[in-house]
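A quick write-up on the structure given underneath.
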DNA sequence: TCGCTTTTTAGAATTATTCAAAAAACCCGC
DNA sequence: GCGGGTTTTTTGAATAATTCTAAAAAGCGA
């Protein structure tokens, strides 16, 4: 096991991976979505798509990027997440509270929200398949959000 | 058909109903929830519970109260709605966007959200009955929110 | 009515997010 | 590789929804 070992080398790692094979895949993904592969977009896409399904807020993602010395502003995180949503790379999830959550899994599925730890997670099975929903006349369904709010037994009382 | 006919008489109506039979029922409801029946709480409960199921934001409710010359501040509307939620008189609904919605129907049911007109409505049948949800070990389910987002055909394109 | 507690209020503070304009980065043809 | 037009990013201000704070008002029991 190896630690990162200091500011400089972390910076190099954060910078260097942008030339690697992972970065090439991400560039392709961005290009397919007609988004110019800028440093910042590649960095953020890296964080989002490297490790399976993720659920993050803009603030969280920004902190993560900073911890890895990826130079980008909070505004860019917000902009980029919005663009990624618009391009269908990720999706928004409506949760209680004032914060918007982003989910890298764009398929049809539902969420648990842990109110104590403020964490969002996928529900393994797709519950929405069981729902028989019809749009009222004159309307079209643009999305279905199911969120199951949880409290862990300690927090509960 | 009769109009309200001017500021004064609207003010009297808004004030006077607080002595009537409706107000008595609302007082009882507040008392049952261990909330002191202040003018403001009675006024707001009146707006919320007189006319069947309602879906409102704090801002909307405040405007409504002002239009009826009920004297109360926006902060009170926010406080009161939070207390009503805590007492189980109403419930919150998680919707996209930064605004919290309140629903006077506390039973298990789902919602349509009209994104064009920004309006929330109950879905007649209770879809959640079809959902087979289990809490992960160590957790308890404190609520299930299903919101079906709609666009009307004009707004759509 | 008096006095104690709860509630309300106005306005400041906070939080999450968006906006606007300037600076920087990207990309194309040469 | 280099200028020039376009796209992105950035900083800081602006906004929107909500909460907080301390003081004033209202409610309530003796």
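Chains as they are written, first to last, in the working numbering: chain D, 259 to 415; chain B, 259 to 415. Beta carbons are placed, not taken as given, at the ideal position from N, Cα and C, and that holds for glycine. As the structure is a computational prediction, the values presented were derived from the model and not from experiment.
Do we get a CB-CB distance below 8 Å when we pair residue i with the residues of chain D?
i                      : result
residue 210 of chain B : As shown, chain B starts at 259 and ends at 415. That puts residue 210 of chain B outside it, with no answer to give.
residue 406 of chain B : yes
residue 348 of chain B : no
residue 415 of chain B : Note on residue 415 of chain B: pLDDT 45, under 50, position unreliable in the model; the coordinate value appears next. No, because no Cβ of chain D sits closer than 8 Å to the Cβ of residue 415 of chain B.
residue 336 of chain B : no
residue 401 of chain B : yes
residue 356 of chain B : yes
Taking all protein chains shown into account, decide if residue i is buried (16 or more other Cβ within 10 angstroms of its Cβ) or exposed.
i                      : result
residue 299 of chain D : buried
residue 366 of chain B : exposed
residue 364 of chain B : exposed
residue 404 of chain B : buried
residue 323 of chain B : buried
Hey, does residue i have any beta-carbon neighbour from chain B nearer than 8 Å?
i                      : result
residue 410 of chain D : yes
residue 352 of chain D : yes
residue 388 of chain D : yes
residue 360 of chain D : no
residue 396 of chain D : yes
residue 259 of chain D : Note that residue 259 of chain D scores a pLDDT of 31, beneath 50, so its modelled location is shaky and nothing firm can be said.
residue 385 of chain D : yes
Does the beta-carbon distance from residue i to residue j come in below 8 Å?
i                      : j                      : result
residue 400 of chain D : residue 408 of chain B : yes
residue 388 of chain B : residue 388 of chain D : yes
residue 373 of chain B : residue 359 of chain B : no
residue 368 of chain B : residue 406 of chain B : yes
residue 345 of chain B : residue 291 of chain B : yes
residue 316 of chain B : residue 335 of chain B : yes
residue 331 of chain D : residue 356 of chain B : no
Which whole-angstrom value is the C-beta distance of residue i and residue j, which I expect to be below 8 Å?
i                      : j                      : result
residue 280 of chain D : residue 304 of chain D : 7 Å
residue 370 of chain D : residue 394 of chain B : 7 Å
When the Cα of residue i is compared with those of the options, which residue comes out closest?
i                      : options                    : result
residue 362 of chain B : B/293, B/302, B/285        : B/302
residue 382 of chain B : D/378, D/390, D/376, D/381 : D/390
residue 306 of chain D : D/392, D/348, D/374, D/384 : D/348
residue 410 of chain B : B/377, B/397, B/392        : B/377
residue 343 of chain D : D/293, D/278, D/395, D/397 : D/293
residue 396 of chain B : D/286, D/314, D/412, D/318 : D/412
residue 338 of chain B : B/398, B/320, B/283, B/386 : B/320
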